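Comments concern the structure below.
Residue numbers (the working numbering): 3 to 263.
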């Protein structure tokens, strides 16, 4: 049996190629014309007076759609699945869906002057949470945009959005939040990517920042002709609201890629 497995493994797992390196670099572009299906797992602690913890799995499919000869529309969805315990004192354990964030970026197919890649469009907040402690029970909308450059192995840029609530549970807080994600990454010829970013949110209603700094390493491999990216990393909460997460957290992700034929 062990001989058979050893013989089969090289056929299933192909060595890194130039195409793998190109796909890995495309993954660093939030609006690349590449269908990707990431499952991103995050672990954080330090919530509330009882040092609560949270495991968050973000399902984040990205689907580009061609619009004529010159434009693409890129759909980016974030649907969180959360397990958490005592995040606000002795609140017990909750498990279920959180609120969905749906972004639509309209982006030129060709880079602009200086190789600038950009996209802009609307973002929507959908109250899909299955528990009061997993979401805000508000409908929201606003603008979103991204701008980046890719030069050699480097990718750097920023993604941002602003969401205001316009309907929902009147007993819950309104949503007025700004999201800022500056990022930089370096991709090697053998499809390793080293990335650094923040996923900062400013809550205008509560006048508070949430600033996790993420350092990640990814490797793209091809398994039985299916490109897959594996990511692992650490985060540090440089700033968070009172009773928010503290210290270090961890991230792991697996992303399935479906390049256009």
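Each residue gets a CB set at the ideal place from its N, CA and C atoms; glycine is no exception.
Because the structure is a prediction, the values reported are computed rather than measured.
Asked, Found
"Contact between the stretch 94-102 and the stretch 63-70 (3+ Cβ pairs under 8 angstroms)", "no"
"Residue 102 CB to nearest heavy atom of the ligand ADP below 8 angstroms", "With respect to the ligand ADP, the structure offers nothing, as it holds no ligand at all."
"Continuous alpha helix (DSSP H) stretch holding residue 21: start and end", "20-29"
"Validate contact between the stretch 28-46 and the stretch 200-209 using beta carbons, cut 8 angstroms, 3 pairs", "no"
"Selection from 248, 163, 193, 175 that minimises the alpha carbon distance to residue 184", "163"
"Proximity below 9 angstroms, CB of residue 235 to CB of residue 47", "no"
"Beta-carbon proximity list for residue 246, same chain, < 7 angstroms, skipping 5 on both sides", "49, 212"
"Beta carbon of residue 119 nearer than 9 angstroms to that of residue 33", "yes"
"The beta strand (DSSP E) enclosing residue 57, as first and last residue numbers", "54-61"
"Residue of 153, 106, 171, 86 minimising C-alpha distance to residue 125", "106"
"Beta carbon of residue 177 nearer than 9 angstroms to that of residue 197", "no"
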